[in-house]
Amino acid sequence: MKMFVEPARIYLHRDAVDFRKSIDGLVALVESELERDAYTGALFLFCNKSKDKLKLVYWDKTGFALWYKRLEKQKFKWPSKVSLQEFELSPGQLDWLLSGYDVLGHEELQYQLIHAHNRVK
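The opening position of the sequence shown corresponds to residue 79 in our numbering, with each subsequent residue numbered one higher.
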């Protein structure tokens, strides 16, 4: 994704938000729910309940910028069954998320050794 700034950090807010919120409402969520300083230049991502829209908000040293994307036929792969309230993304993960890939929410797989008695001698 090409933006006017390269954010120092990228944070995804897990829970759905009311999309009637604009810049001031989203900045209030950053400061109250995520307990982060919205003026650092970090980018913050938010998704609506149906997961077909997202908003990004960030401080660009002169004011807040708001970026909005709506998908026409698909849904964003948004984490919802995990306990963390926020996730830090890399720029690559942000690109993947905006392209429709699932970048979060995978659980570590647990493997078991197959016992030696199952081997052919």
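Where a beta carbon is used, it is the ideal one built from N, C-alpha and C, also for glycine.
Model, not experiment: these values are computed from the prediction.
Beta-carbon proximity check, residue i vs residue j, cutoff 8 Å
i	j	result
L149	Y136	no
K155	G178	yes
E166	I88	yes
V95	F124	yes
For residue i, three-class secondary structure by DSSP
i	result
L172	helix
A94	coil
A120	coil
L149	coil
L104	helix
Which residues DSSP lists as bridging residue i, in chain order
i	result
E166	Y89
Y179	Beta-bridge pairing links Y179 to no other residue.
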